[in-house]
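Q: Let me begin by handing over the structure; questions about it come next.
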Amino acid sequence: MEQKLIISNTMVMSITHCCLATTTSTEGTFVYKDPEQPIALRVKDLLSRMTLEEKIGQMTQIEREVSNSSVIQRYHIGSILSGGGSVPAPKATPELWDNMIDDFQRAALNTRLGIPLLYGIDAVHGNNNVYRATIFPHNVGLGATRDPILVEKIGAATALEVRATGIQYAFAPCVAVCRDPRWGRCYESYSEDPEVVRTMTTIIDGLQGRAPAGWKGPYVQSSNKVAACAKHFVGDGGTRMGINENDTVISYDGLVSIHMRPYFDAVTRGVSSIMASYSSWNGVKMHANRFLLTDVLKGQLGFKGFIISDWQGIDRITSPPDANYTFSILAGIHAGIDMVMVPYMYEQFISNLTYEVKNGNIPMSRIDDAVARILQVKFETGLFEHPYANKELKSFIGQQAHRSLAREAVRKSLVLLKNGKNGGSQLLPLNRDAKKVLVVGAHANDIGLQCGGWTISWHGKAGNTTHGTTILEGIKEAMGDSSEIVYAARPDKDFAKGRGFEYAIVVIGESPYSETQGDNQNLTIPSQGIEILENTCRAVKCLVILISGRPLVVEPYLQYVDAFVSAWLPGTEGNGIADVVFGDYDFVGKLPRTWFRSVAQLPLNIGDKHYDPLFPFGFGLKMGLEKHK
Ligand code: GLC
Numbered sequence: 001m002e003q004k005l006i007i008s009n010t011m012v013m014s015i016t017h018c019c020l021a022t023t024t025s026t027e028g029t030f031v032y033k034d035p036e037q038p039i040a041l042r043v044k045d046l047l048s049r050m051t052l053e054e055k056i057g058q059m060t061q062i063e064r065e066v067s068n069s070s071v072i073q074r075y076h077i078g079s080i081l082s083g084g085g086s087v088p089a090p091k092a093t094p095e096l097w098d099n100m101i102d103d104f105q106r107a108a109l110n111t112r113l114g115i116p117l118l119y120g121i122d123a124v125h126g127n128n129n130v131y132r133a134t135i136f137p138h139n140v141g142l143g144a145t146r147d148p149i150l151v152e153k154i155g156a157a158t159a160l161e162v163r164a165t166g167i168q169y170a171f172a173p174c175v176a177v178c179r180d181p182r183w184g185r186c187y188e189s190y191s192e193d194p195e196v197v198r199t200m201t202t203i204i205d206g207l208q209g210r211a212p213a214g215w216k217g218p219y220v221q222s223s224n225k226v227a228a229c230a231k232h233f234v235g236d237g238g239t240r241m242g243i244n245e246n247d248t249v250i251s252y253d254g255l256v257s258i259h260m261r262p263y264f265d266a267v268t269r270g271v272s273s274i275m276a277s278y279s280s281w282n283g284v285k286m287h288a289n290r291f292l293l294t295d296v297l298k299g300q301l302g303f304k305g306f307i308i309s310d311w312q313g314i315d316r317i318t319s320p321p322d323a324n325y326t327f328s329i330l331a332g333i334h335a336g337i338d339m340v341m342v343p344y345m346y347e348q349f350i351s352n353l354t355y356e357v358k359n360g361n362i363p364m365s366r367i368d369d370a371v372a373r374i375l376q377v378k379f380e381t382g383l384f385e386h387p388y389a390n391k392e393l394k395s396f397i398g399q400q401a402h403r404s405l406a407r408e409a410v411r412k413s414l415v416l417l418k419n420g421k422n423g424g425s426q427l428l429p430l431n432r433d434a435k436k437v438l439v440v441g442a443h444a445n446d447i448g449l450q451c452g453g454w455t456i457s458w459h460g461k462a463g464n465t466t467h468g469t470t471i472l473e474g475i476k477e478a479m480g481d482s483s484e485i486v487y488a489a490r491p492d493k494d495f496a497k498g499r500g501f502e503y504a505i506v507v508i509g510e511s512p513y514s515e516t517q518g519d520n521q522n523l524t525i526p527s528q529g530i531e532i533l534e535n536t537c538r539a540v541k542c543l544v545i546l547i548s549g550r551p552l553v554v555e556p557y558l559q560y561v562d563a564f565v566s567a568w569l570p571g572t573e574g575n576g577i578a579d580v581v582f583g584d585y586d587f588v589g590k591l592p593r594t595w596f597r598s599v600a601q602l603p604l605n606i607g608d609k610h611y612d613p614l615f616p617f618g619f620g621l622k623m624g625l626e627k628h629k
């Protein structure tokens, strides 16, 4: 028998006694606590029990620096993050990470409904905040490999090293399609070509596990996997002049065909969350764009995970930020933001949002949609059954199998752009039995420089910042004791002259950077690198290895160079470079980006009408070795 219950003039709830969802499962526990119940029912049951305060707490993500048990319990906090470089202590061990996060988790579980926390971190090329973790090549180098299976394996290794520190959520992958290398985040983009970026979304399968065919919604295979986050939706890599967080001026068709395509794949692969971009589309802030976040992403693409704001992304809806926080909250939540990476002013956020809901300016249906999406991911991630760190995983941090995988990725990321001067004999592969060789440049012997940004600290920095193998160490390992290897980080002008070097290896490039700090309008090799190149290569046959997050101005110097390799930002396993330049492996890398002649040409991308690059997208030479491993 069906009764119609009119509960408001717009909503009619049909209640048939036989179909009302039971609130306790057969064992007598609450449905949401019963892992045998379908996740949809668990979400519905839990949501029905939550107060507004508890719901808004789930939408709130705060930084670990302002987190403690009383804040978590008083504000019902649903998520905590480590921002770039935010660690429990310098060189923190996995145990220290586990204990910190378990303490937060214990507080969350000791609340009325015991909803577990989700802890997020930017594991964008390995678990890169964590000392001794394996650091993989940044995405631009992975794009050069054109190897989606390799990238999936990197995702799986990263998931293990993230879980090894008690963390269940990674703000990765960045699926930006960088269209202008002046953008400080271009190295976080796999390619200028959306098709290359799409193929690299296999990393989501590695991070989360492969979703079964036809799966709809977020998918996290097990508690050895993590919830992933495709970012930053949408058009982050298309801003004018590559200015970070700026305006992407493009038609809707262009936005979809270039910048949105990778999200089709991310959603199909069951990505758990998607991060909104700081940037704007034709003048409208993405964090306030209801059409793109709700109508398109949630509606047309059918995304069922949650949308998370970027760091203070709500505040930056206005210029200057926080100019009108009430407006920002209304705009952001209405647009479809589900979880807010506040991450510090959580009292202000929570009280403002509570006010707006209580005063009918934000409907409860919007809050319920956001919280349901968040809970769905938490259930999918297995948090209710396995809320605490698995201490058995700590040995995965920097384990040899992961370092070998990273070394393979380095090999496959290298792009050979020149080999032989003016049609003369090829310099590569190098003679590993040479009597005396010269290695110059700070980048040859510096883990921090070869890893780049988002490594141990937010911006990254030079120095012995974590465990790994430098490029020089790899060269020494490859050449053995019969050769004399002379190294100088900053050689004097005539250092290479008349000292009987058979050849020189010149390793130069950019210093680490991230985000706006990396925006650069002239893209020249830092000056000391140019001096070292000219002084050395005029005196001795030379191989130049460029360590950079993007193509730089090199045309004026190529005339001095016998061989030229782009190594991008290789990460901790610098020995992957020696593997190739000494001929154990041939080059397979292809340019994931157009190599321009001058910045006056930018933006310059494959498919442009007037396309006159120094090296075209997809370019990459081989040494033509007989043996291939
Ligand atoms: C940063 C970045 C974003 C990152 C977030 C948390 O500003 O834009 O990629 O995930 O904040 O660190």
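Last residue of the sequence shown: 629 in the UniProt record's numbering, with the numbers rising by one and none dropped. Even glycine gets a Cβ: it sits at the ideal position worked out from N, Cα and C.
1. Check whether the Cβ of Asp315 lies closer than 6 Å to any heavy atom of ligand 1, and answer yes or no.
2. Helix, strand or coil, according to DSSP, for Gly238 in the structure here?
3. Apart from the five residues on each side of it in sequence, which residues of its chain come closer than 7 Å, Cβ to Cβ, to Arg65?
4. Restricting to Cα atoms, I'd like to know which of Ala478, Asp310, Ala107, Asp322 is closest to Tyr388.
5. Could you give the DSSP three-state label for His459: helix, strand or coil?
6. Would you mind working out which of Ser280, Tyr585, Tyr346, Val371 sits nearest Val43, comparing C-alpha positions?
7. Taking C-alpha atoms, which residue in Asn99, Leu383, Phe582, Tyr325 lies nearest to Thr165?
8. Considering only the beta carbon of each residue, do Gly452 and Gly549 sit closer than 7 Å?
9. Quick one: Cα of Leu20 to Cα of Tyr169, how far?
10. Runs of 4 residues minimum, wholly inside the segment 162-206: which ones carry the alpha helix (DSSP H) assignment?
11. Where do the ends of the alpha helix (DSSP H) carrying Gly57 lie?
12. On the DSSP bridge list, what partners appear for Lys436?
13. Give the single residue among Leu255, Val31, Thr24, Thr51 whose Cα lies nearest to the Cα of Val357.
14. How should Tyr252 be labelled, buried or exposed, when 16 other C-beta atoms within 10 angstroms of its C-beta is the threshold for buried?
15. Any idea what DSSP makes of Lys231, helix, strand or coil?
16. If we ignore side chains and look at the alpha-carbon of each, how far apart do Ile243 and Gly184 end up?
17. Does the beta-carbon of Gly126, which I'm using as the reference point, lie nearer than 6 Å to any heavy atom of ligand 1?
18. Can you grab the Cα-Cα spacing for the pair Leu417 / Pro320, in whole Å?
19. Between the beta-carbon of Trp568 and the beta-carbon of Gly84, is there less than 7 Å?
20. Any residues whose CB sits closer than 7 Å to a heavy atom of ligand 2? List them in chain order?
21. Would you mind stating whether Ile135 and Phe104 have Cβ atoms separated by less than 7 Å?
22. Kindly indicate the opening and closing residues of the alpha helix (DSSP H) around Trp97.
23. Could you spell out where the beta strand (DSSP E) holding Ser79 opens and where it closes?
24. Could you name each continuous alpha helix (DSSP H) segment of 4 residues or more that falls completely within the segment 119-169, going from the start of the chain to the end?
25. For Tyr503, which beta-bridge partners are listed by DSSP?
26. Which one or two residues does DSSP pair with Asp247 in a beta bridge?
27. Among Asp492, Ala401, Leu546, Asn139, which residue has its Cα nearest to the Cα of Glu510?
28. State the Cα-Cα distance for the pair Glu555 and Trp97, rounded to the nearest angstrom.
29. Which runs of the beta strand (DSSP E) at least 3 residues long sit entirely within the segment 527-599? Give them in chain order.
30. Using DSSP bridges, identify the partner residues of Gln517.
31. Can you check which of these residues, Asn139, Gly214, Thr201, Ala213, is closest to Ser189 by C-alpha distance?
32. What is the rounded straight-line gap between the Cα of Ser365 and the Cα of Asn110?
33. Using DSSP with H/G/I as helix, E/B as strand and the rest coil, what is Met345?
34. Going residue by residue through the segment 375-461, where are the continuous alpha helix (DSSP H) segments of at least 4 residues, counting only ones entirely within it?
35. Any idea if Met286 is buried or exposed, counting beta-carbon neighbours within 10 angstroms, 16 or more meaning buried?
36. Return yes when the Cβ of Ala488 is within less than 7 Å of the Cβ of Val553, no when it is not.
A: Taking the definition as stated:
1. no
2. helix
3. The amino acid occupying residue 65 in the given sequence is Glu; Arg does not appear at that position. Cβ neighbours of Glu65 beyond the five flanking positions: Ser86.
4. Ala107
5. coil
6. Val371
7. Asn99
8. yes
9. At Leu20, the pLDDT of 41 sits below 50, so the modelled position is not reliable and the matter cannot be decided from this model.
10. 194-199
11. 52-58
12. Glu484
13. Thr51
14. exposed
15. strand
16. 8 Å
17. no
18. 44 Å
19. no
20. Among the ligands modelled here, namely ligand 1, ligand 2 does not occur.
21. no
22. 94-109
23. 79-82
24. 139-145, 148-163
25. Val437
26. Ser280
27. Leu546
28. 47 Å
29. 542-547, 563-568
30. Per DSSP, none; premise fails for Gln517.
31. Asn139
32. 27 Å
33. coil
34. 400-413, 447-451
35. buried
36. no
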